[in-house]
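Worksheet for the structure shown next.
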Amino acid sequence: MRNHEFSRDTNETKIKIFLELDGTGQHEIKTGCGFLDHMLTLFAVHGRFDLRISCVGDYDVDFHHTVEDVGICLGQAFLKALGDKRGIRRYGSCVLPMDEAMILSAIDFSGRAFLNWDVKILTQKVGDFDTELAQEFWLGFVRNSLSTLHFKKFAGENSHHIIECAFKSAARSIRQAVEIDEKFAGEIPSSKGVI
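What follows is the structure, given as structure tokens:
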């Protein structure tokens, strides 16, 4: 079983998370930020990851710490659940359309943290969610999963659709990258022999 469960407590957030890589998309997500809950639900379903996340954050400030710290914890969960990455495909990509929006995501579980966020979002808010926090979430994720992740927006006008498209695309790219390639199940997918 490729999974990881842990808690992270800071002065800003208290988070509990469980991730199962080889799941069916079952999820129970309560972060206190409705839009983030929606995005993580889509992430679990489209990635077929079993995901439980609970977070109590400093909502009286704003949602910044909640969104960033959940991204950090999800990245850490992927890093731990993947172990030495033996047998994984390592790379994944997806061009995903959603109504007028279309986003490309591509990931490499390379052991090197990098985010390219080429996604212009046209409004500052979706409801009470600051749209710039989508990038903060993925920064937290890549820095803690030690992955290289690129996003490219090809089209989109509705901010909700753009962010949702990015989360769905990333879920499918990540699903592809963490799958076990049966032809190379016992091997580390790197010429160096380690990632």
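Each residue of the sequence shown is one higher than the last, beginning at 1123 in the numbering used here.
Each residue gets a CB set at the ideal place from its N, CA and C atoms; glycine is no exception.
Bear in mind the structure is a predicted one, so any value in this text is a computation, not a measurement.
Item                                                                                                                                                                       : Value
Taking just the CA atoms, how far does Glu1304 sit from Glu1150?                                                                                                           : 30 Å
Can you list, in chain order, the residues of its chain with a C-beta nearer than 6 Å to that of Cys1287? Leave out the 5 residues immediately preceding and following it. : Leu1218, Met1220, Ala1223 and Ile1225
Just mark Asp1230 as buried or exposed, buried being the case when its beta carbon has 16 or more other beta carbons within 10 Å.                                          : buried
From what residue to what residue does the alpha helix (DSSP H) around Ser1267 run?                                                                                        : Leu1255 to Ser1267
So Gly1324 is in the beta strand (DSSP E); what residue range does that whole segment cover?                                                                               : An answer regarding residue 1324 cannot be provided, because it is not within the stretch 1123 to 1317 covered by the chain.
Between the Cα of His1160 and the Cα atoms of Phe1289, His1126, Phe1200 and Asn1280, which residue gives the shortest distance?                                            : Phe1289
Please list the terminal residues of the continuous alpha helix (DSSP H) segment that includes Leu1271.                                                                    : Not the alpha helix (DSSP H): Leu1271 falls in the beta strand (DSSP E), residues Thr1270 to Ala1277.
Can you list, in chain order, the residues of its chain whose CB lies under 6 Å from that of Ser1291, leaving out five sequence neighbours each side?                      : Cys1216, Leu1218, Ile1225 and Ser1227
Which parts of the segment 1185-1248 are runs of the alpha helix (DSSP H), unbroken and 4 residues or longer, counting only runs that do not cross its ends?               : 1186-1204
By DSSP, does Asp1180 sit in helix, in strand, or in coil?                                                                                                                 : coil
What separation, rounded to the nearest whole angstrom, lies between the Cα atoms of Arg1212 and Asp1184?                                                                  : 35 Å
Does the segment 1123-1132 come within contact of the segment 1257-1275, defined as at least 3 CB pairs closer than 8 Å?                                                   : no
Does the Cβ-Cβ distance between Leu1164 and Ala1293 come in under 8 Å?                                                                                                     : yes
Rounded to whole angstroms, what is the Cα-Cα separation between Gly1209 and Asp1191?                                                                                      : 29 Å
Classify Asp1252 as helix, strand or coil using the three-state DSSP reduction.                                                                                            : strand
Start and end of the beta strand (DSSP E) containing Leu1143?                                                                                                              : Unbroken run through Leu1143: none, as it is neither H nor E.
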